[in-house]
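Enquirer: Protein chains in written order, with my numbering: chain A, 1 to 208; chain B, 1001 to 1208.
Attaching a single structure in structure tokens format; questions to follow.
There are 2 protein chains.
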Amino acid sequence: MPVNEAAGGKSAYHHGDLRKALLDAAEEELAEKGVEGFTLRGCAKRAGVSHAAPAHHFRDANALLSELASEGFTRFSAAMRSRQASVANDPRAALVGAGLGYIDFARANPALFRLMFSSYRTNFDREPLHSSANVAFGILVESITSTIGRNPMDDLAGMQHVAAAWSMAHGLADLLLSNKMPFLAAVAEQDVEAFLAGIITRAVPSDF
Amino acid sequence: MPVNEAAGGKSAYHHGDLRKALLDAAEEELAEKGVEGFTLRGCAKRAGVSHAAPAHHFRDANALLSELASEGFTRFSAAMRSRQASVANDPRAALVGAGLGYIDFARANPALFRLMFSSYRTNFDREPLHSSANVAFGILVESITSTIGRNPMDDLAGMQHVAAAWSMAHGLADLLLSNKMPFLAAVAEQDVEAFLAGIITRAVPSDF
DNA sequence: ACATTTATTTTTACGGTGTAAAGATTGTAG
DNA sequence: CTACAATCTTTACACCGTAAAAATAAATGT
Chain A
1 MPVNEAAGGK SAYHHGDLRK ALLDAAEEEL AEKGVEGFTL RGCAKRAGVS
51 HAAPAHHFRD ANALLSELAS EGFTRFSAAM RSRQASVAND PRAALVGAGL
101 GYIDFARANP ALFRLMFSSY RTNFDREPLH SSANVAFGIL VESITSTIGR
151 NPMDDLAGMQ HVAAAWSMAH GLADLLLSNK MPFLAAVAEQ DVEAFLAGII
201 TRAVPSDF
Chain B
1001 MPVNEAAGGK SAYHHGDLRK ALLDAAEEEL AEKGVEGFTL RGCAKRAGVS
1051 HAAPAHHFRD ANALLSELAS EGFTRFSAAM RSRQASVAND PRAALVGAGL
1101 GYIDFARANP ALFRLMFSSY RTNFDREPLH SSANVAFGIL VESITSTIGR
1151 NPMDDLAGMQ HVAAAWSMAH GLADLLLSNK MPFLAAVAEQ DVEAFLAGII
1201 TRAVPSDF
């Protein structure tokens, strides 16, 4: 019997590691064609297998996309943490850093970001997407915890901070991605970061 | 020659007014199946015509959806104005009202809202979508103009207000629609409006 | 009034999609 | 070396959007 334990230790049969190859192909396909243009057959072609081959590794196209979204959330969390690391040891600055990382990721991986928040082709009730998305959410909660000095999920005022910070970063990312704010072209390249940071900062006022 | 002038004065041939019937059918189809599940053939069936009939009234499926999105933006603007009308004569309150109207509409018409901001099936370069979307944007700009006492599009600080207010309302609407904030179930029904208003208010600080 | 033209709709057809089922192929176990 | 099980391919089916041709009905010109 082949080595086929759950945690990705799939051994090589005909292709080598088709599961991994399909995930790579899916990310290419997604980046090139977008969430709406994504096709499972295109993935299979990229991986050099027949169009029905993926069926044995993923229940259906959405299961493949859900797993890709999960990888996305892991990298998404890394993007936020990376921004936070490059910032002074100030809770508010760390919160804004998370927001900038949020937007960094969205701009660097537009189609993947869309997939992660489309919630039509993805299933957040199954692993590993459920966990990886929760980790990302945890970064937000943690940042707000440091800022206000308590767990924000314990009361309404705290949840309001969470909702505000998340909405601001997410709305900004989503509108930037769909080119709804062409007037921002007026912002010089070196000023963009401060411009965005100034917006994110508003979400959690200093007099909470 | 039939009465077929541009402005919707299409007269009745076989069906009566298939163009209008298709738009109505499309809204039903959209509401029931969502943006991703929408099919042109399903629309045609709802309107009681063959699957190829829409071709003579709309270039393709995206053209039909673009026109539907345009109607959506018109109602969207009305939702914002309606909220503004039911508010004291205070510029800041009017701005928050627009944001609440934004969210009202999104929650009342989730699939249509998604379509309007998906920008994949819709073409904002063509009329009437171009204009109706601009009218909606104008409400935002106008609200901020009243609040800060000048045209916000004239300088970076003003554009920052626009981007912040829009991002906050939009992010909130988008995350609510995709059920990303289940913890908000803890907010009692009669407190929801104040909760959301409190968040929107943060986007444009009082000391600008 | 009647033939002609034009607008509208249906029928037919084609390439593309996801996925289910059956057949072929290949690594592993006994 | 045989049998089995995992993997992949082939085939098939029901959808989809849309183009082209055929059919139908309204409007027009004489």
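Each residue gets a CB set at the ideal place from its N, CA and C atoms; glycine is no exception.
Because the structure is a prediction, the values reported are computed rather than measured.
Under a three-way DSSP split, which group does residue 1182/B fall into?
Expert: Of the three classes helix, strand and coil, the one that applies to residue 1182/B here is helix, per DSSP.
Enquirer: When the Cα of residue 1129/B is compared with those of 1052/B, 1070/B, 1202/B, which residue comes out closest?
Expert: Among 1052/B, 1070/B, 1202/B, the Cα nearest to that of residue 1129/B is on 1070/B.
Enquirer: With 8 Å as the threshold, decide whether the Cβ of residue 1170/B is near any Cβ in chain A.
Expert: yes
Enquirer: Which of the three DSSP states is assigned to residue 6/A in this structure?
Expert: Because the pLDDT at residue 6/A is just 30, under 50, the model does not fix this residue reliably, and the point stays unresolved.
Enquirer: Quick one: is residue 150/A near chain B, going by C-beta distance under 8 Å?
Expert: no
Enquirer: Would you mind stating whether residue 969/B and residue 1144/B have Cβ atoms separated by less than 8 Å?
Expert: Absent from the structure is residue 969/B, since the part of chain B shown begins at 1001 and ends at 1208.
Enquirer: So is residue 104/A in contact with chain B if we call contact Cβ pairs under 8 Å?
Expert: no
Enquirer: Alpha carbon to alpha carbon, what distance is there between residue 1148/B and residue 122/A?
Expert: 42 Å
Enquirer: Just to check my reading of the structure: residue 64/A and residue 115/A have Cβ atoms closer than 8 Å, yes? What is that Cβ distance to the nearest angstrom?
Expert: With a Cβ gap of about 11 Å, residue 64/A and residue 115/A do not count as contacting.
Enquirer: Helix or strand or just coil, what does DSSP make of residue 1013/B?
Expert: Low confidence applies to residue 1013/B: its pLDDT is 48, below 50, so where it sits in the model is not reliable, and the reading given next is rough at best. In the structure shown, residue 1013/B sits in coil (DSSP, three-state: anything other than H, G, I, E or B).
Enquirer: Mark residue 1028/B as exposed unless 16 or more other C-beta atoms lie within 10 angstroms of its C-beta, in which case mark it buried.
Expert: exposed
Enquirer: Less than 8 Å between the C-beta atoms of residue 1018/B and residue 1047/B, yes or no?
Expert: yes
Enquirer: Strictly below 7 Å CB to CB, what residues from chain A border residue 1203/B?
Expert: Correct list: 202.
Enquirer: Is residue 1161/B buried or exposed, if buried means 16 or more other CB atoms sit within 10 Å of its CB?
Expert: Around the C-beta of residue 1161/B, 16 or more other C-beta atoms lie within 10 Å, and the residue is accordingly described as buried.
Enquirer: When the cut-off is 8 Å and only beta carbons count, does residue 1007/B lie next to chain A?
Expert: Note that residue 1007/B has pLDDT 29, beneath the 50 cutoff, so the model's placement of it is unreliable and no number is given.
Enquirer: Can you pull the chain A residues whose beta carbon is under 8 Å from the beta carbon of residue 1139/B, in chain order?
Expert: Within 8 Å Cβ-Cβ: nothing; residue 1139/B doesn't reach chain A, min ~15 Å.
Enquirer: Given 8 Å as the limit, is there contact between the region 71–80 of chain A and the region 105–113 of chain A, that is, 3 or more CB pairs closer than that?
Expert: Contact annotation: the region 71–80 of chain A touches the region 105–113 of chain A, with at least three C-beta pairs closer than 8 Å.
Enquirer: Look up residue 135/A in the DSSP assignment and say whether it is helix, strand or coil.
Expert: helix
Enquirer: Count the C-beta pairs between the region 184–191 of chain A and the region 86–93 of chain A that are closer than 8 Å, then say yes if the count reaches three, no if not.
Expert: no
Enquirer: List the residues of chain B that residue 174/A touches, going by C-beta distances under 9 Å, in chain order.
Expert: 1117, 1167, 1170, 1171, 1174
Enquirer: At a CB-CB cut-off below 7 Å, which residues of chain A make contact with residue 1036/B?
Expert: 120
Enquirer: Scan the region 179–192 of chain A for residues whose Cβ lies nearer than 8 Å to a Cβ of chain B and list them as they occur along the chain.
Expert: Within the region 179–192 of chain A, the residues whose Cβ lies closer than 8 Å to any Cβ of chain B are, in chain order, 179, 180, 181, 183, 184, 186, 187, 191.
Enquirer: I'd like to check one pair, residue 181/A with residue 139/A: are the Cβ atoms closer than 8 Å?
Expert: no
Enquirer: In chain order, what residues of the same chain lie with their CB nearer than 6 Å to the CB of residue 202/A, ignoring the 5 residues before and after it?
Expert: none
Enquirer: Note down, one range per segment and in chain order, each alpha helix (DSSP H) of at least 4 residues found wholly within the region 1158–1203 of chain B.
Expert: DSSP runs (the alpha helix (DSSP H)) wholly in the region 1158–1203 of chain B: 1192–1202.
Enquirer: Under a three-way DSSP split, which group does residue 1120/B fall into?
Expert: Residue 1120/B sits in coil when the DSSP states are folded into three classes, being neither helix nor strand.
Enquirer: Report, in whole angstroms, the separation of the C-beta atoms of residue 113/A and residue 184/A, which I expect to be a contact under 8 Å.
Expert: Not really, about 18 Å apart at Cβ, beyond 8 Å.
Enquirer: Just by C-beta distance, which residues in the region 1045–1073 of chain B are closer than 7 Å to chain A?
Expert: Taking 7 Å as the Cβ-Cβ cut-off against chain A, none of the residues of the region 1045–1073 of chain B qualify.
Enquirer: Give a yes or no on whether 8 Å exceeds the smallest Cβ distance from residue 11/A to chain B.
Expert: With a pLDDT of 36 at residue 11/A, under the threshold of 50, the predicted position of this residue should be treated as unreliable, though the coordinate-derived value follows. Interface flag for residue 11/A against chain B is unset, since no Cβ pair is found closer than 8 Å.
Enquirer: Consult DSSP for residue 1143/B and reduce its assignment to one of helix, strand or coil.
Expert: helix
Enquirer: Is the beta carbon of residue 99/A closer than 8 Å to that of residue 165/A?
Expert: yes
Enquirer: Residue 153/A: buried (16+ other C-beta within 10 angstroms of its C-beta) or exposed?
Expert: exposed
Enquirer: Which one of 206/A, 95/A, 174/A, 135/A has the shortest CA to CA distance from residue 1118/B?
Expert: 174/A
Enquirer: I need the straight-line Cα distance from residue 45/A to residue 51/A, nearest angstrom please.
Expert: Going from the Cα of residue 45/A to the Cα of residue 51/A covers about 7 Å.
Enquirer: Which residues in chain A sit within 7 Å of residue 1198/B, going by Cβ to Cβ distance?
Expert: 160
Enquirer: Within 10 angstroms of its Cβ, does residue 1056/B collect 16 or more other Cβ (buried), or is it exposed?
Expert: exposed
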